[in-house]
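Working notes, structure below.
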Amino acid sequence: MLDVILGAALAAAVVHGWLRGFIRSAIGLAVVVLGAFLAFRLSAAAGSVVAGIAGTSPETSRVFGGVVVFGACAVGGAVVSAGMRRVIGAMPGLPTLDRAAGAVAAGLAGVLVVTLVMSAVRVLPLGAVGRAVEASTLASKLTDPDGLAQRTLALVGGDGALAVALRLDDAFGQSTLGDPGGATIVLDVPAGTEAFARPDQADALFQEVNRARSAAGVSPLARAANLDAVAQGHANEMYAGGWMAHASPDGTRLVGRLAAASIPATAVAELIGLGPTPSSIVDEWVGAPGSANRLGRPNVTRMGVAVGDGPLGLLAVVVMTG
Numbered sequence: 069m070l071d072v073i074l075g076a077a078l079a080a081a082v083v084h085g086w087l088r089g090f091i092r093s094a095i096g097l098a099v100v101v102l103g104a105f106l107a108f109r110l111s112a113a114a115g116s117v118v119a120g121i122a123g124t125s126p127e128t129s130r131v132f133g134g135v136v137v138f139g140a141c142a143v144g145g146a147v148v149s150a151g152m153r154r155v156i157g158a159m160p161g162l163p164t165l166d167r168a169a170g171a172v173a174a175g176l177a178g179v180l181v182v183t184l185v186m187s188a189v190r191v192l193p194l195g196a197v198g199r200a201v202e203a204s205t206l207a208s209k210l211t212d213p214d215g216l217a218q219r220t221l222a223l224v225g226g227d228g229a230l231a232v233a234l235r236l237d238d239a240f241g242q243s244t245l246g247d248p249g250g251a252t253i254v255l256d257v258p259a260g261t262e263a264f265a266r267p268d269q270a271d272a273l274f275q276e277v278n279r280a281r282s283a284a285g286v287s288p289l290a291r292a293a294n295l296d297a298v299a300q301g302h303a304n305e306m307y308a309g310g311w312m313a314h315a316s317p318d319g320t321r322l323v324g325r326l327a328a329a330s331i332p333a334t335a336v337a338e339l340i341g342l343g344p345t346p347s348s349i350v351d352e353w354v355g356a357p358g359s360a361n362r363l364g365r366p367n368v369t370r371m372g373v374a375v376g377d378g379p380l381g382l383l384a385v386v387v388m389t390g
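Position 132 of the sequence shown, counted from 1, bears residue number 200 in the numbering used here, the numbering being contiguous throughout.
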């Protein structure tokens, strides 16, 4: 049923573009592209406002914030289009080529809009609606993280976080993985996958962790470069080995990694997560009692953070010592 609805919507967009001609349809396409770009760029800021009003999680708020920004651009585009209609007039006798170009432009705009909407529905906790999108052949193609539609959307928005969320949802049924505890999670990545260090994301992770600690009523931690190095080494070996766990295949845990780096500690804690953004990962930790307890431990004073960027998103490691 959803395929029929989406197909009809795209067909209507093409017909509408044929009737409007190229100039107005091109304006509509430009508005969609600009709206997508701004939605990605301003989603975090808009999401913080949504979170403050609705109390939703950071990642859900970010998606809703992006939708609000995109909607605002759409309203602005409608105003511009209405003004163009008064300037251009009815434009009787549009040549066939102009109408065809208008149909193509409107069709592309329609595909981008549907892709954005279906992607948002997929990553939001919408229950039956999300399952309907997953069951739809057309929606599945548009939300395939490796498909042309998603690659185009990432190019337009300059942000691959949405594709990462979709990829994780396909693999694990959720857009962010929290700490695995005592388990080992297998990552479907090629052997020897290189995790690119992301200092910018590590900085964001550090801020998010201290923000969560402050919210829990415990003191923020000082950052330590030697702990950063331990965390980055563990992130790299996990992505390269295709696994996510506190214990390395040879049995080495955090205490052993600290000892190998000649770092003394009387209290230690480690958190691991995989997701599209640092805020989504920390949100998963805060929502899990075991992880939240480690995150808010009062007997630690220093922290090292690392983020490895790979095909399944951001692999975050936090090392805390006292």
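All residues carry an ideal CB built from backbone N, CA and C; glycine is no exception.
Which of the three DSSP states is assigned to residue i in this structure?
{"i": "Ile253", "result": "strand"}
{"i": "Arg92", "result": "helix"}
{"i": "Thr211", "result": "coil"}
{"i": "Glu262", "result": "coil"}
{"i": "Val286", "result": "coil"}
{"i": "Thr244", "result": "coil"}
Hey, out of the options, whose CA is closest to residue i's CA?
{"i": "Val368", "options": "Ala329, Val387, Pro357", "result": "Val387"}
{"i": "Leu322", "options": "Gln269, Ala119, Thr389", "result": "Thr389"}
{"i": "Ala259", "options": "Glu305, Ala217, Asp296", "result": "Glu305"}
{"i": "Gly226", "options": "Asp71, Gly355, Ala104, Ile349", "result": "Ala104"}
{"i": "Val224", "options": "Arg109, Arg370, Val82, Asp377", "result": "Arg109"}
{"i": "Ala270", "options": "Ala114, Val350, Ala142", "result": "Val350"}
{"i": "Val136", "options": "Val147, Ser111, Ala77, Val375", "result": "Ser111"}
{"i": "Asp166", "options": "Ile91, Ser359, Leu339, Val298", "result": "Ile91"}
{"i": "Leu230", "options": "Ala303, Leu210, Ala188", "result": "Ala188"}
Under 8 angstroms from any heavy atom of the ligand ADP, does the C-beta of residue i make it?
{"i": "Val182", "result": "With respect to the ligand ADP, the structure shown offers nothing to examine, as it has no ligands at all."}
Let me confirm a value: residue i is counted as buried when at least 16 other C-beta atoms fall within 10 Å, else exposed. Which label applies?
{"i": "Pro357", "result": "exposed"}
{"i": "Thr205", "result": "exposed"}
{"i": "Gly85", "result": "buried"}
{"i": "Leu216", "result": "exposed"}
{"i": "Gly324", "result": "exposed"}
{"i": "Pro346", "result": "buried"}
{"i": "Asp296", "result": "buried"}
{"i": "Gly89", "result": "buried"}
{"i": "Ser282", "result": "exposed"}
{"i": "Val298", "result": "buried"}
{"i": "Arg190", "result": "buried"}
Count the C-beta pairs between the segment 283 to 291 and the segment 300 to 315 that are closer than 8 angstroms, then say yes if the count reaches three, no if not. Taking 8 angstroms as the limit for Cβ pairs, the verdict is that the segment 300 to 315 does not touch the segment 283 to 291.
Can you list the beta strand (DSSP E) stretches of 3 or more residues lying completely in the segment 351 to 385, in chain order? Counting whole runs of 3 or more residues, the segment 351 to 385 contains the beta strand (DSSP E) stretches 370 to 378.
Using 8 angstroms as the threshold, is the segment 162 to 176 in touch with the segment 92 to 103, meaning 3 or more CB pairs across them? Verdict: yes, contact present.
If we count Cβ pairs, one from each stretch, closer than 8 angstroms, do we get three or more for the segment 70 to 80 versus the segment 109 to 122? The segment 70 to 80 makes no contact with the segment 109 to 122, as fewer than three CB pairs between them are under 8 angstroms.
Threshold first: 4 residues or longer. Then list the alpha helix (DSSP H) segments lying entirely within the segment 70 to 146, N to C. Taking 4 residues as the minimum length, the alpha helix (DSSP H) runs contained wholly in the segment 70 to 146 are 70 to 88, 90 to 122, in order along the chain.
The segment 328 to 340 touching the segment 375 to 382, judged by at least three CB pairs closer than 8 angstroms: No, they do not touch.
Mind pulling the beta strand (DSSP E) runs of 3 or more residues that sit fully within the segment 302 to 361? Taking only runs of at least 3 residues, the beta strand (DSSP E) segments lying wholly in the segment 302 to 361 are 336 to 343.
Taking 8 angstroms as the cut-off, does the segment 235 to 245 touch the segment 361 to 376 (at least 3 CB pairs, one atom from each stretch)? Of all C-beta pairs linking the segment 361 to 376 to the segment 235 to 245, fewer than three are shorter than 8 angstroms, placing the two stretches out of contact.
List in chain order: all unbroken alpha helix (DSSP H) runs of 4+ residues lying wholly within the segment 163 to 200. Fully enclosed alpha helix (DSSP H) runs of 4 or longer: 164 to 191.
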